[in-house]
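Some notes on the structure that comes next.
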Amino acid sequence: MTGLKSYFKNNIRQYGMIIALVFIMVLFQILTNGILLKPMNITNLVLQNAYVLILAVGMLLAIITGNIDLSVGSIVALVGALSAVMMVTLKMPVVFAVGLSLLIGLAAGSFQGLFIAYFKLPPFIVTLAGMLVFRGLTMVILKGQTLAPFPKSFQAIAAGYLPGREKEAILGLTVAAITAIIIGILMSIIYILFELNSRKNKINYGFEVLPKSFEFFKWSIIIITINAFTISLAAYNGIPIVLILLLVIIIIYTFISQKTIAGRHIYALGGNSKAAKLSGVKTKRVMFWVYANMGVLSAVTGLIVAGRLNAATPKAGNMFELDAIAACFIGGASASGGIGTVVGAVIGGLVMGVLNNGMSILGVSVDWQQVIKGLVLLGAVCFDVYTKNKSGSK
Amino acid sequence: MANIHLEMRGITKKFYGVTALDSVDLTVNNQEIHAIVGENGAGKSTLMKVLSGVHTHGSFDGEIYFNGQKCSFNNIKDSEKLGIVIIHQELALIPFLSIAENIFLGNERAVKGVINWNDSISEANKLLAKVGLNEKSTTLVDSIGVGKQQLVEIAKALSKDVKLLILDEPTAALNDEESNKLLNLLVDLKKQGITSILISHKLNEIEKVADAITVIRDGKVIDNLHKSKDIIDEDRIIRSMVGREIIDRFPSRRSNIGEEVFRVENWTVYHPEHTDTKAIDNVNFFVKKGEVVGFAGLMGAGRTEIAMSIFGKSWGVKHSGKIMKNNKEINFHNVSDAISHGIAYSTEDRKTYGLILLDNIMRNLTLSSLEAISKNGVINSNEEVLTSQNYRSKLNVRCSGLEQKVEDLSGGNQQKVVLGKWIMANPDLLILDEPTRGIDVGAKYEIYTMINNLVAEGKSVIMISSEMPELLGMCDRIYVITEGRIAGELSAKEASQESIMKCIITDQRKRSLA
Chain D
1 MTGLKSYFKN
11 NIRQYGMIIA
21 LVFIMVLFQI
31 LTNGILLKPM
41 NITNLVLQNA
51 YVLILAVGML
61 LAIITGNIDL
71 SVGSIVALVG
81 ALSAVMMVTL
91 KMPVVFAVGL
101 SLLIGLAAGS
111 FQGLFIAYFK
121 LPPFIVTLAG
131 MLVFRGLTMV
141 ILKGQTLAPF
151 PKSFQAIAAG
161 YLPGREKEAI
171 LGLTVAAITA
181 IIIGILMSII
191 YILFELNSRK
201 NKINYGFEVL
211 PKSFEFFKWS
221 IIIITINAFT
231 ISLAAYNGIP
241 IVLILLLVII
251 IIYTFISQKT
261 IAGRHIYALG
271 GNSKAAKLSG
281 VKTKRVMFWV
291 YANMGVLSAV
301 TGLIVAGRLN
311 AATPKAGNMF
321 ELDAIAACFI
331 GGASASGGIG
341 TVVGAVIGGL
351 VMGVLNNGMS
361 ILGVSVDWQQ
371 VIKGLVLLGA
381 VCFDVYTKNK
391 SGSK
Chain L
1 MANIHLEMRG
11 ITKKFYGVTA
21 LDSVDLTVNN
31 QEIHAIVGEN
41 GAGKSTLMKV
51 LSGVHTHGSF
61 DGEIYFNGQK
71 CSFNNIKDSE
81 KLGIVIIHQE
91 LALIPFLSIA
101 ENIFLGNERA
111 VKGVINWNDS
121 ISEANKLLAK
131 VGLNEKSTTL
141 VDSIGVGKQQ
151 LVEIAKALSK
161 DVKLLILDEP
171 TAALNDEESN
181 KLLNLLVDLK
191 KQGITSILIS
201 HKLNEIEKVA
211 DAITVIRDGK
221 VIDNLHKSKD
231 IIDEDRIIRS
241 MVGREIIDRF
251 PSRRSNIGEE
261 VFRVENWTVY
271 HPEHTDTKAI
281 DNVNFFVKKG
291 EVVGFAGLMG
301 AGRTEIAMSI
311 FGKSWGVKHS
321 GKIMKNNKEI
331 NFHNVSDAIS
341 HGIAYSTEDR
351 KTYGLILLDN
361 IMRNLTLSSL
371 EAISKNGVIN
381 SNEEVLTSQN
391 YRSKLNVRCS
401 GLEQKVEDLS
411 GGNQQKVVLG
421 KWIMANPDLL
431 ILDEPTRGID
441 VGAKYEIYTM
451 INNLVAEGKS
461 VIMISSEMPE
471 LLGMCDRIYV
481 ITEGRIAGEL
491 SAKEASQESI
501 MKCIITDQRK
511 RSLA
């Protein structure tokens, strides 16, 4: 049982956040008389919050290094504007324009990374400058106007679903619904195989594993959650394409941050950059790539936002950087660097998303929503600092 | 007894059960320059902190009398009110404020919170004239050299109507000319009625200006010398400073020294901030397989700088010279290159430069050898746990588990984690900078054993230490380093605390004559 105890002790942060999210969801489910978890609203939650979740993943890496990136909202707008110019004005093929847009994001991020890593300017200032420069460029490109509409195939990426909504398959279910259910089952199987494999490896190495009963309990909760989620998506329009993109990004970045040398180096740099440097971490290179990567993810977000609105506007992405930063901190990242997880940032983003959505359903005015979100951020970080001090004093 | 200016009686100060000062008596007469000498960690600085109120009244035993009056200081302000001012080795000036602003910082020439600038500047000018500093008082402190900054500190002290001036290693960062100027100023101030306490490693300076000398060793007063009564002799000071019984504190080792593996030729490096100052000057040395080589020297002698500049150029600028491994020149520009060439450097300041404190033991241990437990950049986490467990038990790190944060470990165990990290990286040459600083005797012995095991496996070790007995007990050969140069090379047989000290002093003398 010592294994279980230390498991909880080491993962208390993660579980605390999940419990907070569940609590908020239950609360709003009750307050909204069950509207929150209706299939349509769940789909809405995904579509509305994809942008902040993707940005939060990139922002998390910057926050782990002990810094932030203020320019993401402006890069979102800039990429949206340029993609509109390419697709709407110049009528470029969608695939080509999307590829080019991602490269533009990479260039914008690398430009900032260059100043941060190699000219050693403070990231706060470089990205503040980037925020102004990229927003300004957006205005120049769009001349203050909105550019629309995008080609249908491009819109589908941001606002579309997996196909088969019209075709009925069996039992009155559409092909899209069946696809969603099958995807849920497939994900459950992959998850179980993955867990079994890692458990087997641990046993092979002779390490202590968690009690089987507890593992089963954990797995069943996760499987139920996955399938409840996919079934409710099936009950509406099926699986949104953005969701797939989002999941792929979350999985890739969780893997990078937890399992690769590159990820470990980011944490080491954030924990103590001097010690990391003297341990052989190429700190400049790491810093550069963290910001270059943020540029790419901002570009992905820029495309999604433009596609969902079906327009490029000069005001797109306004304040997105602050949403992403808040998501990371609610999700347990430390402002002084070295601490935070991708999953945590995603949960933090979901907490904000559910709050937004739930309060909107309740008809709380936008002004009060801001007040409440601010207080939640303050409370979450306060809780975090308090529990950290308490565990530190033991 | 009107002549006695300051008297400290029976001062005992303990830190978490470790005695730093053991009933120390110090008597300083009016208008004298009183030198306090002793090895690093002997307790000099602690004594001065007690005197200046950094260690508050009640946190130590003993009494302080200043001008015959019993004192109990609760903070530095209390001692400053009586005219006791301490100038630390690291100067406490604000670089982007002017000289005048710095002089009156916290003591502003102001009426109701509004500073009278004319008054401040004219007062500052008078003080600058007094200390012989030929600079405008509106100049930014940042733009003048360390020597002049030292004078600004003294001017600041004078502005507080100082009676007793304490200087902690004031000349450590100064060149000879600046040092002389400073010492002459102390003599001048003495004539004006200001008493000084001077802490210094440079015995030639002490010989020149000190009226009395107190030697401290291991927190106790060993010797009192007075110019009027005793002949102040450097040899005598040295003997008092270092002469302690060396009991068997070091595990024995059968040395098995092989071929030369590593050689540094004409290594010259410039200071990273003062880029026209040679901080490391034409250094040559070599290390053989299976050898423990010591770098002896006083604090600030440049030992750490030499080590770090070699370790992937992580210190200094404009490096020149050759680094040879197995008679082949090797080149590297960053730390990971150095590691892949088989060099490791464990820092003297483990908390700032050695460990990621908020990470756990495992992640600290494996940080420099992730490649060995990874495939295509993906870490095999089971392999990581296995390897870490292996090193943890090998090094006998006492902890609740690999998941424990390094922050919560004791100093000795933290040091073992740092060493473990480097041993895991499997270097051919391991440079250990103050490997036993601030850790207890038991852990020290374990670390010495670890070093012996490493060289028995055919690795080479460079050991930098300020504890001379440790160097003498562990090393096959010792290089004596002073002011960024190698002042001499001593075999284990020739080396003794006296011979090392002599080596340093002879070199300093040679330099000041030249």
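The listed protein sequences derive, respectively, from chains D and L. This note's numbering puts the first residue of the first sequence at 1, with every later residue one more than the last. This note's numbering puts the first residue of the second sequence at 1, with every later residue one more than the last. No residue lacks a Cβ here, since even glycine has one placed at the ideal position from N, Cα and C.
Here's the rule: buried if 16 or more other CB atoms are within 10 angstroms of the residue's CB, otherwise exposed. What is residue i?
{"i": "residue 254 of chain L", "result": "exposed"}
{"i": "residue 350 of chain L", "result": "buried"}
{"i": "residue 366 of chain L", "result": "buried"}
{"i": "residue 328 of chain D", "result": "buried"}
{"i": "residue 244 of chain L", "result": "Because the pLDDT at residue 244 of chain L is just 49, under 50, the model does not fix this residue reliably, and the value given afterwards should be weighed accordingly. Classification of residue 244 of chain L: exposed, given that the 10 Å Cβ count is below 16."}
{"i": "residue 357 of chain D", "result": "buried"}
{"i": "residue 427 of chain L", "result": "buried"}
{"i": "residue 40 of chain D", "result": "exposed"}
{"i": "residue 5 of chain D", "result": "exposed"}
{"i": "residue 247 of chain L", "result": "Model confidence at residue 247 of chain L stands at a pLDDT of 47, short of 50, so the residue's coordinates are unreliable and nothing is read from them."}
{"i": "residue 110 of chain L", "result": "exposed"}
{"i": "residue 34 of chain D", "result": "exposed"}
{"i": "residue 375 of chain L", "result": "exposed"}
{"i": "residue 23 of chain D", "result": "exposed"}
{"i": "residue 459 of chain L", "result": "buried"}
{"i": "residue 318 of chain L", "result": "exposed"}
{"i": "residue 191 of chain L", "result": "exposed"}
{"i": "residue 456 of chain L", "result": "exposed"}
{"i": "residue 179 of chain D", "result": "buried"}
From the DSSP secondary-structure annotation, give me the bridge partner or partners of residue i.
{"i": "residue 69 of chain L", "result": "L:66"}
{"i": "residue 240 of chain D", "result": "D:161"}
{"i": "residue 328 of chain L", "result": "L:325"}
{"i": "residue 344 of chain L", "result": "L:430"}
{"i": "residue 213 of chain D", "result": "None; residue 213 of chain D has no bridge partner."}
In chain D, which residues lie with their C-beta within 7 angstroms of the C-beta of residue i?
{"i": "residue 339 of chain L", "result": "280"}
{"i": "residue 334 of chain L", "result": "282"}
Strictly below 7 angstroms CB to CB, what residues from chain L border residue i?
{"i": "residue 288 of chain D", "result": "The premise fails here: residue 288 of chain D is roughly 14 angstroms from chain L at the closest Cβ pair, so nothing lies under 7 angstroms."}
{"i": "residue 237 of chain D", "result": "Under the 7 angstroms cutoff, chain L gives no residues; its nearest Cβ is about 37 angstroms from residue 237 of chain D."}
List the residues of chain D that residue i touches, going by C-beta distances under 9 angstroms, in chain order.
{"i": "residue 391 of chain L", "result": "The contacting residues do not exist; residue 391 of chain L stays about 15 angstroms from chain D at best."}
{"i": "residue 371 of chain L", "result": "261"}
{"i": "residue 375 of chain L", "result": "Per Cβ cutoff of 9 angstroms: no residues; residue 375 of chain L is ~10 angstroms from chain D at best."}
{"i": "residue 379 of chain L", "result": "258, 259, 260, 261, 263 and 264"}
List the residues of chain L whose Cβ lies closer than 8 angstroms to the Cβ of residue i, in chain order.
{"i": "residue 253 of chain D", "result": "What residue 253 of chain D touches in chain L: nothing, since even the nearest Cβ is about 14 angstroms away."}
{"i": "residue 338 of chain D", "result": "356, 358 and 359"}
{"i": "residue 268 of chain D", "result": "356, 359, 363 and 367"}
{"i": "residue 202 of chain D", "result": "382"}
{"i": "residue 271 of chain D", "result": "356, 357, 358 and 359"}
{"i": "residue 274 of chain D", "result": "352 and 353"}
So the candidates are the options; which of them puts its Cα closest to the Cα of residue i?
{"i": "residue 489 of chain L", "options": "L:480, L:320 and L:476", "result": "L:480"}
{"i": "residue 319 of chain D", "options": "D:339, D:348, D:370 and D:123", "result": "D:370"}
{"i": "residue 281 of chain L", "options": "L:287, L:268, L:275 and L:292", "result": "L:268"}
{"i": "residue 381 of chain D", "options": "D:345, D:25 and D:365", "result": "D:345"}
{"i": "residue 311 of chain L", "options": "L:341, L:101 and L:159", "result": "L:341"}
{"i": "residue 325 of chain D", "options": "D:113, D:72 and D:239", "result": "D:72"}
{"i": "residue 239 of chain L", "options": "L:24, L:222, L:94 and L:206", "result": "L:222"}
{"i": "residue 78 of chain L", "options": "L:88, L:93 and L:49", "result": "L:49"}
{"i": "residue 300 of chain D", "options": "D:75, D:166 and D:61", "result": "D:75"}
Using a C-beta to C-beta distance shorter than 9 angstroms, which residues of chain L count as neighbours of residue i?
{"i": "residue 205 of chain D", "result": "382, 383, 385 and 386"}
Using the beta-carbon of each residue, which ones in chain D are nearer than 8 angstroms to residue i?
{"i": "residue 314 of chain L", "result": "277 and 278"}
{"i": "residue 325 of chain L", "result": "Under the 8 angstroms cutoff, chain D gives no residues; its nearest Cβ is about 17 angstroms from residue 325 of chain L."}
Examine the ligand MG and report whether any of its heavy atoms sits within less than 8 angstroms of the Cβ of residue i.
{"i": "residue 380 of chain D", "result": "Questions concerning the ligand MG fall outside what the structure shown contains, since it holds no ligand whatsoever."}
Q. Which full runs of the beta strand (DSSP E) of 3+ residues lie inside the segment 226–308 of chain L, going along the chain?
A. List check, beta strand (DSSP E) in window: 260–270, 278–288 and 292–296.
(Q) Threshold first: 3 residues or longer. Then list the beta strand (DSSP E) segments lying entirely within the segment 160–226 of chain L, N to C. (A) Counting only runs of 3 or more, we get 164–168, 195–199, 212–217 and 220–226.
Q: Output the residue ranges of the alpha helix (DSSP H) runs that lie fully inside the segment 72–98 of chain L and measure 4 residues or longer, sorted by chain position.
A: Runs found: 76–81.
Q | Ordered list of alpha helix (DSSP H) runs contained in the segment 288–351 of chain D, each at least 4 residues | A | Taking 4 residues as the shortest admissible run, the segment 288–351 of chain D contains the following complete alpha helix (DSSP H) segments, listed from N- to C-terminal end: 320–330.
Q: Note down, one range per segment and in chain order, each alpha helix (DSSP H) of at least 4 residues found wholly within the segment 26–66 of chain L.
A: Whole alpha helix (DSSP H) segments, 4+ residues: 44–52.
Q | Unbroken stretches of the beta strand (DSSP E), 3 residues or longer, contained in the segment 421–450 of chain L | A | Qualifying beta strand (DSSP E) stretches, in chain order: 429–433.
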